[in-house]
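For the sequence shown, my numbering assigns the number 1007 to the initial residue and increments by one for each residue that follows.
Here is the structure we will look at.
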Amino acid sequence: MKTIVKTEHVSKTFLLGKTQVQALTDISIKAFEGEFLAIAGPSGSGKTTLLNLIGCIDKPTKGIIKIDDEIVTGFSSNKLADIRLAKLAFIFQTFNLIPVLSACENVEYPLLKTVKNKTERFDRVFYALQSVGLEKFVKHRPDELSGGQRQRVAIARALVTEPRIILADEPTANLDQKTGEDVLNIMKSINKDSNTLFIFSTHDPKVMQMASRIIRITDGRVVEPTHPGRLKNEFSHKH
């Protein structure tokens, strides 16, 4: 399997007033193509911080992050923005949809800079909305949709750019159990069909149950380190 994401001895320190807070300490992990990977831990464990570092939203204090064998640590903000645009997409627990735009327009938004042809944009947007079962809701604004439907719009928005990696930060946290399961099944289907790497930050047992592998973090440290060979065998077995 191809390694898509690799962190090497990554640490992250935040300054809160005059106090230094150690959010992550010496994190070395790999994520492989086609995985449905959960970074699990309690609130405050550092899992969202790690997701933000992988997603090039933030930079580590120490260590190296590689995406597709390219060291992104030390890239300028503009270069990191290019990496996010080309290879990454995000799904958040709060959906982060633009209230005044329709479902179609929200999904189209990340394509406006990269796909100039309107017909191609429409085709990709419709396919993405169809993939999450919302082709009949293209004109609806977020306030006209249920929480599950809004999260599916967010999934379609992530899917439409055809990213290498989709990062999902507690994507089921604001959904009831049945809706959360439906949303997870949609993401699992996309993962299987497209071989896209999904990385979740979560403490939801439903996400962990569906994951191909779990990396557990407590107090900013990986608490269940495992050998890469065993990880590959487990992942291959589950697939």
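Every residue, glycine too, gets a C-beta built ideally from N, C-alpha and C.
Checklist entry - Under the rule that 16 or more other beta-carbon atoms within 10 Å means buried, what is PHE1206, buried or exposed? => result Buried, because 16 or more other Cβ atoms sit within 10 Å of the Cβ of PHE1206.
Checklist entry - For the region 1011-1018 against the region 1063-1080, are there 3 or more C-beta pairs whose distance is under 8 Å? => result These segments touch.
Checklist entry - Looking at the unbroken beta strand (DSSP E) that takes in LEU1030, where does it start and where does it end? => result If you look at LEU1030, you'll find it in the beta strand (DSSP E) that goes 1025-1038.
Checklist entry - Which residue or residues does DSSP assign as beta-bridge partners of GLY1175? => result The residue asked about is misnamed: residue 1175 is Asp in this sequence, not Gly. PHE1098, SER1207.
Next on the checklist: Looking at the secondary structure, which residues open and close the beta strand (DSSP E) in which LYS1012 lies?
Outcome noted: Counting along the chain, the unbroken beta strand (DSSP E) around LYS1012 starts and ends at 1009-1022.
Next on the checklist: Are the CB atoms of ILE1060 and LEU1135 within a distance shorter than 8 Å?
Outcome noted: No. Outside cutoff.
Checklist entry - Going by other Cβ atoms of all chains shown within 10 Å of its Cβ, with 16 needed for buried, is LEU1022 buried or exposed? => result It counts as exposed.
Checklist entry - For LEU1086, which residues of its own chain have a beta-carbon under 6 Å away from its beta-carbon, when the five flanking residues on both sides are left out? => result Excluding sequence neighbours, LEU1086 sits near CYS1062.
Item to check | Same chain, Cβ closer than 7 Å to PRO1116, neighbours up to 5 away in sequence not counted | outcome: These residues qualify, in order along the chain: ARG1163, VAL1166, THR1167.
Item to check | Reduced DSSP secondary structure (H/G/I, E/B, other) of LEU1091 | outcome: Three-state DSSP puts LEU1091 in a helix.
Next on the checklist: Determine whether the beta carbon atoms of VAL1144 and ILE1161 lie at a separation below 8 Å.
Outcome noted: No, the pair does not count as a contact, with Cβ atoms beyond the cut-off.
Checklist entry - Quick one: Cα of VAL982 to Cα of VAL1011, how far? => result What the structure shows of the chain is the stretch from 1007 to 1245, and residue 982 is not part of that stretch, so it cannot be assessed.
Checklist entry - Can you tell which of ARG1222, GLN1215, MET1214, ASN1201 has its C-alpha closest to the C-alpha of PHE1038? => result From the listed residues ARG1222, GLN1215, MET1214, ASN1201, the smallest Cα separation to PHE1038 is found for ASN1201.
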